[in-house]
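Undergrad: Pasting a structure below so you can have a look.
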Amino acid sequence: MTQYKYSLIIPLFNEEENIKKLIEEIYELVFEKFIFQIILIDDDSTDKTYVNIINLKKQYKKLNIKIIKNKKNEGQSYSIYNGILNSECDHIITMDGDCQNNPKDIINLKKIYESENEIKLVCGIRIDRQDSYIKKISSTIANKVRKQILNDDCDDTGCGLKIFDKNIFLEFIYFKGMHRFIPALFKGYGYKTSFIGVSHRKRFSGYSKYGTISRLFVGISDIIYVRKIIKKKTKKTN
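Residue 332, in my numbering, is where the sequence shown stops; the numbers in between run on with no holes.
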């Protein structure tokens with residue numbers, strides 16, 4: 095039986111430099127505040143990400159690091175899902191591996207998550223985003239469209255920082271892109287959610303691997319699909 099309550103899931107694709115800095119920050123956080131399992135999922139990177147995380151596991155022996163390597167590039171949703179399937183804990187923390195999320199913000203999410211038994215999901219909302227103008231605009235449009243249709247109460251579903259109940263998450267049917275709909279699924283299934291502002295930093299190294307405007311059009315079909323899932327769940331409940 096695991097001694098940890100939380101599994102920290104970090105999906106990685108070509109983040110060879112960022113993951114070094116991120117693990118350093120997590121190491122400081124762990125010994126300052128609390129301990130959790132760390133799962134690093136390499137999404138078939140083409141740089142030295144996988145080699146680096148192997149070395150980081152050896153270097154930071156006091157951290158409980160588990161490494162998973164996807165056989166092919168599957169995308170962010172699958173990497174998160176795969177990490178959760180292989181986690182040892184009942185509660186999940188997710189964050190991006192590009193160093194734009196600050197690990198220190200996990201503490202505030204954790205406080206809210208543990209403040210009420212009814213809260214099953216806490217999401218970070220990025221304040222003062224340090225992204226390109228086009229990325230911020232496309233994200234704003236996508237968030238407004240999704241929030242209007244699904245009524246998920248979330249202003250920034252793209253923020254990687256989240257804490258949620260593992261077993262509830264595993265009730266959901268997996269689909270590509272589902273990581274952007276975690277708030278909608280939790281609320282749609284009748285669970286209480288909460289949101290808190292978190293910091294956002296410029297990339298330490300590398301560049302974003304995900305689309306901008308193109309993502310909006312893919313997201314519309316996903317919104318329709320999620321709406322059907324929630325309606326089906328609601329009918330069964332009633």
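We put the CB at the ideal spot given by N, CA and C, even for glycine.
So, with DSSP's three-state summary, where would you put Arg-321?
TA: Helix, per DSSP.
Undergrad: When you compare each of Lys-281, Glu-122, Lys-270 and Ile-117 to Leu-134 by their alpha carbons, which one comes out closest?
TA: If you compare the alpha carbons of Lys-281, Glu-122, Lys-270 and Ile-117 with that of Leu-134, the shortest gap goes to Ile-117.
Undergrad: Quick check on Glu-335: buried or exposed, where buried means 16 or more other Cβ atoms within 10 Å of its Cβ?
TA: There is no way to answer for residue 335, as the model of the chain reaches only from 95 to 332.
Undergrad: I'd like the span of the alpha helix (DSSP H) that includes Pro-105, first residue to last.
TA: No alpha helix (DSSP H) contains Pro-105, which is instead part of the beta strand (DSSP E) from 100 to 106.
Undergrad: Could I get the ranges of all uninterrupted alpha helix (DSSP H) runs contained in the stretch 104 to 190, with 4 residues as the minimum, in chain order?
TA: Correct list: 112 to 126, 143 to 153 and 170 to 179.
Undergrad: Which residues does DSSP pair with Val-216 in a beta bridge?
TA: Ile-257 and Ser-288
Undergrad: Under the three-state reduction of DSSP, which class applies to Thr-331: helix, strand or coil?
TA: helix
Undergrad: Measuring straight from C-alpha to C-alpha, what distance separates Arg-321 and Ala-236?
TA: Their Cα atoms are separated by approximately 15 Å.
Undergrad: Helix, strand or coil for Lys-205, going by three-state DSSP, please let me know.
TA: helix
Undergrad: On the CB-based measure, 16 or more other CB atoms within 10 Å of its CB, does Asp-184 come out buried or exposed?
TA: exposed
Undergrad: Could you give the DSSP three-state label for Gly-271: helix, strand or coil?
TA: coil
Undergrad: Are at least three pairs of beta-carbons, each pair with one atom in the stretch 165 to 185 and one in the stretch 233 to 250, less than 8 Å apart?
TA: no
Undergrad: For the alpha helix (DSSP H) that contains Pro-277, what are its first and last residues?
TA: 276 to 282
Undergrad: Hey, does Ser-181 have any beta-carbon neighbour from chain B nearer than 7 Å?
TA: Given the protein chain composition of this structure (a single chain), no chain B is represented.
Undergrad: Can you tell me whether Gly-305 is helix, strand or coil according to DSSP?
TA: With a pLDDT of 49 at Gly-305, under the threshold of 50, the modelled position of this residue cannot be trusted; read the value that follows with caution. Note: Gly-305 maps to coil in three-state DSSP.
Undergrad: Are Lys-270 and Gly-169 close, meaning C-beta to C-beta below 7 Å?
TA: yes
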